[in-house]
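Going down the list, the protein sequences come from chains F and Z. In this note's numbering, each residue carries its 1-based index in the first sequence increased by 10. In this note's numbering, each residue carries its 1-based index in the second sequence increased by 3. Everything below concerns the one structure shown next.
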Amino acid sequence: MKDPYDILGVQKTASAADIRSAYRKLAKKLHPDLNPGDKSAEEKFKEVSGAYDLLGDEDKRKRFDNGEIDASGAERPPQHFYREYASAAQGHPYADESGYADFMEGEDAFAELLRRAQHARANRRGQDMHYRLAIDFGESIAGATKRITLPTGGTLDVKIPPGLVDGQVIRLKGKGEPGAGSGGAGDALIEVEVTPDRRFAREGDDISLDLPVSLTEAVLGGRVRVPTPTGDVTMSVPKGSNTGTVLRLKGKGAPRKGGGRGDQFVKLKIVLPKGPDPELEAFVETWAKGKDFDPREAMR
Amino acid sequence: MMKMTKQEFLASSGIHVRTLDLWIEQEWLAPEQTPEGARFSDIDVARARFIRDLRDDIGANDEGIDVILHLLDQLHGLRRTLAELRDDMKSRQGD
Numbered sequence: 011m012k013d014p015y016d017i018l019g020v021q022k023t024a025s026a027a028d029i030r031s032a033y034r035k036l037a038k039k040l041h042p043d044l045n046p047g048d049k050s051a052e053e054k055f056k057e058v059s060g061a062y063d064l065l066g067d068e069d070k071r072k073r074f075d076n077g078e079i080d081a082s083g084a085e086r087p088p089q090h091f092y093r094e095y096a097s098a099a100q101g102h103p104y105a106d107e108s109g110y111a112d113f114m115e116g117e118d119a120f121a122e123l124l125r126r127a128q129h130a131r132a133n134r135r136g137q138d139m140h141y142r143l144a145i146d147f148g149e150s151i152a153g154a155t156k157r158i159t160l161p162t163g164g165t166l167d168v169k170i171p172p173g174l175v176d177g178q179v180i181r182l183k184g185k186g187e188p189g190a191g192s193g194g195a196g197d198a199l200i201e202v203e204v205t206p207d208r209r210f211a212r213e214g215d216d217i218s219l220d221l222p223v224s225l226t227e228a229v230l231g232g233r234v235r236v237p238t239p240t241g242d243v244t245m246s247v248p249k250g251s252n253t254g255t256v257l258r259l260k261g262k263g264a265p266r267k268g269g270g271r272g273d274q275f276v277k278l279k280i281v282l283p284k285g286p287d288p289e290l291e292a293f294v295e296t297w298a299k300g301k302d303f304d305p306r307e308a309m310r
Numbered sequence: 004m005m006k007m008t009k010q011e012f013l014a015s016s017g018i019h020v021r022t023l024d025l026w027i028e029q030e031w032l033a034p035e036q037t038p039e040g041a042r043f044s045d046i047d048v049a050r051a052r053f054i055r056d057l058r059d060d061i062g063a064n065d066e067g068i069d070v071i072l073h074l075l076d077q078l079h080g081l082r083r084t085l086a087e088l089r090d091d092m093k094s095r096q097g098d
C-alpha cells in the first residue's frame, strides 16, 4: 500500500491548501477524460483521487495520521468515464467533426477517404437491440403473442411461433435502434427462455409425460384425463396395462418443420392408494399367480 | 439502453436542478428531447460527472470548461474517425 502523501507528492506537514493544489495539478494531468488515448491514466487517477479522498478530508486525514485508519479504505469504486462513451462507434450528440473539416476538402485520396467515412457515418444502420423473454412450456408448444416493455418505455409485440425451443432467438426486423440517414433501423433480437414444466419433457418434436394410474385403471382398463401442453385430453388405458407401458397420443407434440406434429408419449406408472388396505391384503394373500410371479427373473 | 428522466438524473448524479438547467442552456449537456421531456442516457451521466470533476477537482471555471469541452469534442471526433479509418484498412487487408 503506497503512502497517500507520497502519491500526492506532499510533506506530512503540508497544509490543506497545499494538498488541494497538489491534487489539482495531478488531476489535470491524469484525469482519464483528459487523456482519452492513455489506458494507464485510469489506474493512476484512481490512486491519486483515492489519496485525495483521504487527505483532502480533515477528519479522515487526522485519523489516518493517528493510525486509526489505513489507506485501504480510500479506494474509489470503478466508474465509467466519459471517454468510454465518447469514442463509441454508434455516434452521439456530442460528436464534433470540425476539428478536421479542412482535411475533407480537396481532391486528394485522404480527403476522399474521410468523405467516404463521413458518408458511411451519416447513413449508419441502427444498432440491434437484445432482449430476453421468458414464456411457459405450453406457450412454447402452442405459440403465443407476448408484449415486452422496453427500457425506453415503449412496447414490442412478439409473436412466438408454435414449437419454439428454449434459447431460440426471434428477430424483429427494423425494431432496433433507429439508423442515421438512409441507414435504416436495426433489428430487435429476442432470446426466448422456456420455463420448464415439471410434468413434460421434450425430445425433438415429441413430448413425454409420466402418468400415474390406479391399479384398477391398469388392470381393468379405462378412460383417463391426460394433461398435454395445449390442454387436457381423454385417453384410453387398455386393459392389462403396466408400469412402463407407453401410450402414444398422436399429433399432440410440437409442430414439425414442414408440416405435421410430433407425438406425446405417455408412460404409465401404477400408484397404489396410500396406507395399508386390509381388503387388498386379503385378496393378494389368496392370489396364487401373484405369489408365483417373479418380476426379477430377467435380472438373474 | 436505459434512459432517465430529469428527476432520475438529478437523483442519481447529485447535481442541483439549477446547475443542470445552466449546463443544458450552455449546451454542455444535450439530453434527448422527447414529448414527455428530456431523456438522459449513460453518456449524459458520464459527461455530467466529467464536468463536475472539471469544476470541483481540477478547478476549471465556466469559461475554462467551455473551452475544454469544445476541444475535447473535436478530439473525440478525430479519434473516432481515426478508428474508422483503421477498421477500414484492417478490413481491406483481410480481403
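For glycine and all other residues, C-beta sits at the position ideal for the given N, C-alpha and C.
Return the chain-ordered list of same chain residues with a C-beta closer than 6 angstroms to the C-beta of residue i, the five sequence neighbours on each side being excluded.
i, result
"Leu-199 of chain F", "Asp-138, His-140, Val-179, Arg-181"
"Val-281 of chain F", "Pro-222"
"Ala-51 of chain F", "Leu-40, Pro-42, Asn-45"
"Ala-264 of chain F", "Ile-151, Gly-173, Asp-215, Gly-272"
"Pro-248 of chain F", "Gly-231"
"Val-70 of chain Z", "none"
"Glu-35 of chain Z", "Arg-42"
Counting only the same chain and skipping the five closest in sequence on each side, list residues whose C-beta sits under 7 angstroms from that of residue i.
i, result
"Ala-8 of chain F", "Because chain F in this structure spans residues 11 to 310, residue 8 of chain F falls outside the shown range and cannot be described."
"Ile-54 of chain Z", "Trp-26, Trp-31, Ile-68"
"Arg-71 of chain F", "Leu-64, Leu-65"
"Thr-240 of chain F", "Gly-148, Ile-151, Ala-152"
Using the beta-carbon count (16 or more within 10 Å), is residue i buried or exposed?
i, result
"Gln-274 of chain F", "buried"
"Thr-238 of chain F", "buried"
"Ser-44 of chain Z", "buried"
"Thr-226 of chain F", "exposed"
"Lys-185 of chain F", "buried"
"His-129 of chain F", "exposed"
"Leu-219 of chain F", "buried"
"Ala-14 of chain Z", "exposed"
"Arg-142 of chain F", "exposed"
"Val-204 of chain F", "buried"
"Gly-177 of chain F", "exposed"
"Lys-262 of chain F", "buried"
"Glu-307 of chain F", "exposed"
"Pro-286 of chain F", "exposed"
"Asp-65 of chain Z", "exposed"
"Val-175 of chain F", "exposed"
"Gly-60 of chain F", "buried"
"Phe-208 of chain F", "It should be noted that the sequence gives Arg, not Phe, for residue 208 of chain F. Result: exposed."
"Glu-57 of chain F", "buried"
"Phe-120 of chain F", "exposed"
"Pro-288 of chain F", "exposed"
"Ala-298 of chain F", "exposed"
For residue i, I'd like the list of residues in its chain whose CB is within less than 8 angstroms of its CB, leaving aside the five on either flank, ordered along the chain.
i, result
"Gly-67 of chain Z", "Leu-57"
"Phe-74 of chain F", "Pro-14, Leu-64, Leu-65, Asp-80, Ala-81"
"Glu-11 of chain Z", "Phe-43"
"Arg-135 of chain F", "Gly-189, Gly-193, Gly-194, Ala-195, Gly-196"
"Tyr-92 of chain F", "Asp-43"
"Ala-26 of chain F", "Gly-66, Glu-68"
Give the residues of chain A in contact with residue i, contact being defined as C-beta atoms less than 7 angstroms apart.
i, result
"Leu-88 of chain Z", "Annotation note: the requested chain A is absent from the structure, which comprises protein chains F and Z."
Give the residues from the segment 87-110 of chain F that approach chain Z closer than 9 angstroms (Cβ to any Cβ), ordered along the chain. Gln-89, His-90, Phe-91, Tyr-92, Arg-93, Glu-94, Tyr-95, Ala-96, Ser-97, Ala-98, Ala-99, Gly-101, His-102, Pro-103, Tyr-104, Ala-105, Asp-106, Glu-107, Ser-108, Gly-109, Tyr-110
Tell me whether the segment 268-283 of chain F and the segment 201-216 of chain F touch, counting them as touching only if at least three CB pairs, one residue from each stretch, are closer than 8 angstroms. With a cut-off of 8 angstroms, the segment 201-216 of chain F and the segment 268-283 of chain F count as touching, because enough Cβ pairs lie within range.
Decide yes or no for the touch test of the segment 54-67 of chain F against the segment 13-29 of chain F: beta carbon pairs closer than 8 angstroms, at least 3 of them. yes
Proximal residues, the segment 33-56 of chain F versus chain Z, C-beta separation under 8 angstroms: Tyr-33, Arg-34, Ala-37, Lys-38, His-41, Asp-43, Leu-44, Pro-46, Gly-47
For the segment 252-270 of chain F against the segment 4-16 of chain Z, do three or more pairs of beta-carbon atoms, one drawn from each stretch, fall closer than 8 angstroms, so that the two count as touching? no
Which runs of the alpha helix (DSSP H) at least 4 residues long sit entirely within the segment 23-60 of chain Z? Give them in chain order. 45-59
Okay, do the segment 72-89 of chain Z and the segment 93-113 of chain F touch, 3+ Cβ pairs below 8 angstroms being the bar? yes
For a minimum of 4 consecutive residues, which ranges assigned as the alpha helix (DSSP H) are wholly contained in the segment 96-148 of chain F? 111-114, 119-132
If the cut-off is 8 angstroms on Cβ atoms, which residues from the segment 111-126 of chain F count as contacting chain Z, listed in chain order? Leu-123, Leu-124
Can you pull out the residues from the segment 156-167 of chain F whose beta carbon lies closer than 9 angstroms to at least one beta carbon of chain Z? Those residues of the segment 156-167 of chain F that come within reach of chain Z (Cβ to Cβ, closer than 9 angstroms) are Pro-161, Thr-162, Gly-163.
What residues in the segment 68-79 of chain Z have a beta carbon less than 9 angstroms from any beta carbon of chain F? Ile-71, Leu-72, His-73, Leu-74, Leu-75, Asp-76, Gln-77, Leu-78, His-79
Near-chain F residues of the segment 39-51 of chain Z (beta-carbon distance less than 7 angstroms), N- to C-terminal order: Taking 7 angstroms as the Cβ-Cβ cut-off against chain F, the residues of the segment 39-51 of chain Z that qualify are Asp-45, Ile-46, Ala-49, Arg-50.
Please go through the segment 149-229 of chain F and give each complete beta strand (DSSP E) segment of 3 or more residues, from N-terminal end onward. 154-159, 165-170, 179-182, 198-205, 210-213, 216-223
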